[in-house]
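Before any comments, here is the structure.
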Amino acid sequence: MTDIPKPSGKIRWIVCALLFAAVVLSYIDRLVLPTLKPDL
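Now the structure itself:
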């Protein structure tokens, strides 16, 4: 059996940061869309 190397801590934090950014952008989008609805 081959040992699969674990991802380094740096890659793990980059993935966590990207997931956090996606959640924040989704939340902001949900806040902004109802205010822009009349203009759209």
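Numbering (this note's numbering), first residue to last: -1 to 38.
No residue lacks a Cβ here, since even glycine has one placed at the ideal position from N, Cα and C.
What's the C-alpha gap between residue 29 and residue 21? 13 Å
For residue 15 and residue 26, I'd like the C-alpha separation in whole angstroms. 16 Å
Reducing DSSP to helix, strand and coil, say where residue 24 ends up. helix
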